[in-house]
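Under numbering that gives the first Met the number 0, read the sequence shown as residues 0 to 329, first letter to last. Idealized CB from N, CA, C, for every residue including glycine.
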Amino acid sequence: MVTNWYVRFCDTNFTLTVTNDLTINGSSARLEIGGTVVSNVYRVGYFGTAGHKPRLNVGGDMTITNGGRFTVYASVTNGLPDTWGAEIDVSGTLTIAANSRVYAQSEPVNGGSPKFTVGNLTVLTNGLFSAAGRGFLGSYSDTGHGPGKGNGAGYGGKGYVGATYGSRDRPQYPGSGGASGIYGHGGHGGGLVRVVARRYVTIDGTVNADAGVCVGNHSSGGSGGGMLIDCARFAGAPSGLLSANGGNGTSTAKSNDGGGGGGRIAIWTGQPYFEGISPSRVTEVDDLPEFDGVITADGGTSTTANREGQPGTIAFFRVTAPAGTVFMLK
Numbered sequence: 000m001v002t003n004w005y006v007r008f009c010d011t012n013f014t015l016t017v018t019n020d021l022t023i024n025g026s027s028a029r030l031e032i033g034g035t036v037v038s039n040v041y042r043v044g045y046f047g048t049a050g051h052k053p054r055l056n057v058g059g060d061m062t063i064t065n066g067g068r069f070t071v072y073a074s075v076t077n078g079l080p081d082t083w084g085a086e087i088d089v090s091g092t093l094t095i096a097a098n099s100r101v102y103a104q105s106e107p108v109n110g111g112s113p114k115f116t117v118g119n120l121t122v123l124t125n126g127l128f129s130a131a132g133r134g135f136l137g138s139y140s141d142t143g144h145g146p147g148k149g150n151g152a153g154y155g156g157k158g159y160v161g162a163t164y165g166s167r168d169r170p171q172y173p174g175s176g177g178a179s180g181i182y183g184h185g186g187h188g189g190g191l192v193r194v195v196a197r198r199y200v201t202i203d204g205t206v207n208a209d210a211g212v213c214v215g216n217h218s219s220g221g222s223g224g225g226m227l228i229d230c231a232r233f234a235g236a237p238s239g240l241l242s243a244n245g246g247n248g249t250s251t252a253k254s255n256d257g258g259g260g261g262g263r264i265a266i267w268t269g270q271p272y273f274e275g276i277s278p279s280r281v282t283e284v285d286d287l288p289e290f291d292g293v294i295t296a297d298g299g300t301s302t303t304a305n306r307e308g309q310p311g312t313i314a315f316f317r318v319t320a321p322a323g324t325v326f327m328l329k
């Protein structure tokens, strides 16, 4: 149990194994894994080393409660999907209680991201699972970082300048960073929320992969991040919110102020998904019948007309059991 202590394991080739339950309890309780500190005149950041990802293995339940915080910083990867920059594995239920937080930080230049594998995920009302502003970096120049970088970065939806990229059905990249003029950086892209639940996901609180806020005048929005959730069953109350919205641009001189595109959200329910699964077992569905909350991937706005970002993508899929074979014996 971590109670009102700040505990940080910054070695990027670090594995923490907890045999039974892990509880992070109290408003001063912090557990952080991964990332070595790199600072310059602009920012302090956490960057990992290629091939040395942090891992957390919990043999029972993991609970963040009474204002506790858990942060994971991903390491550099080779840039391909399904090669994760950090891995969290909870055999039981990961519970994020009211006023408590989980933060998932993608590697801000390479885009390597954390993956959470859990028995169940429960985000209670006023709990937060956040990758907001934790994707590719916004820039102090006219570029940005990430495949959709630019003056209004793109991802699921086109930004004012930045292009779309990635998969609508299986999004596995964070959002891209926005560009800027000389007065501050463009908005960082939203990060990636990647969850594989062996059983249930219940969202009564907030799961957020929005782009970050641009800083200073003449700055553009980053794109919303990615969200890919696999589970047997997905549910939530009207208070539940999932969002991957693009960031807003701002300028008093109509310069470098494009809005960022929305991100990508995909939720898969039913049987486990795997690469090469028969297409006959996968059905795209219109809604999640047990989820009564709100899901958004809106584009960001701009102070200049017609420079807004476009909406991202939201998709739901159901995986059915394989068809059986009936033998008739006489």
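- Two segments are said to touch when three or more pairs of C-beta atoms, one from each, lie closer than 8 angstroms; by this definition the region 123-131 does not touch the region 154-171.
- When DSSP states are grouped into helix, strand and coil, S279 belongs to the helix group.
- Per DSSP, the beta bridge partners of P113 are A85.
- Looking only at G158, G67, T303, I264, the smallest Cα-Cα distance to S254 is reached by T303.
- The criterion of a C-beta distance shorter than 8 angstroms is not satisfied by G190 and R100.
- Within 10 angstroms of the beta-carbon of D291 lie fewer than 16 other beta-carbons, which makes it exposed.
- Taking the Cα positions, G188 is about 37 angstroms away from A320.
- Take G161, set aside five residues on each side of it, and the residues of its chain with a beta-carbon closer than 7 angstroms to its own are G147, K148, G149, G151, A152, G153, S175, S222, G260, in chain order.
- Rounded to whole angstroms, the gap between the alpha carbons of D286 and A178 is 35 angstroms.
- Here S218 is buried, its C-beta having at least 16 other C-beta atoms within 10 Å.
- Across the structure, T201 and T251 are spaced so that their CA atoms are roughly 43 angstroms apart.
- If you draw a straight line from the Cα of L93 to the Cα of D141, it comes to about 40 angstroms.
- Ranking Y5, N247, G118, Y102 by CA distance to the CA of D20 puts G118 first.
- DSSP, reduced to helix, strand and coil, places F273 outside both helices and strands of the structure shown, so it counts as coil.
- Shown here, R306 sits in coil according to DSSP, grouped into three states, outside any helix or strand.
- Note on I276: under 16 other CB atoms within 10 angstroms of its CB, so exposed under the neighbour-count rule.
- The Cβ-Cβ distance between F233 and V284 does not fall below 8 angstroms.
- At a Cβ-Cβ threshold of 8 angstroms, V318 and G269 count as neighbours.
- Ranked by Cα distance from V212, the options D203, N247, L227 are led by N247.
- By the 16-neighbour rule on beta-carbons within 10 angstroms, P288 is exposed.
- Going by C-alpha positions, Y272 is about 43 angstroms away from G215.
- DSSP, reduced to helix, strand and coil, places R232 within a strand of the structure shown.
- Here T70 is buried, its C-beta having at least 16 other C-beta atoms within 10 Å.
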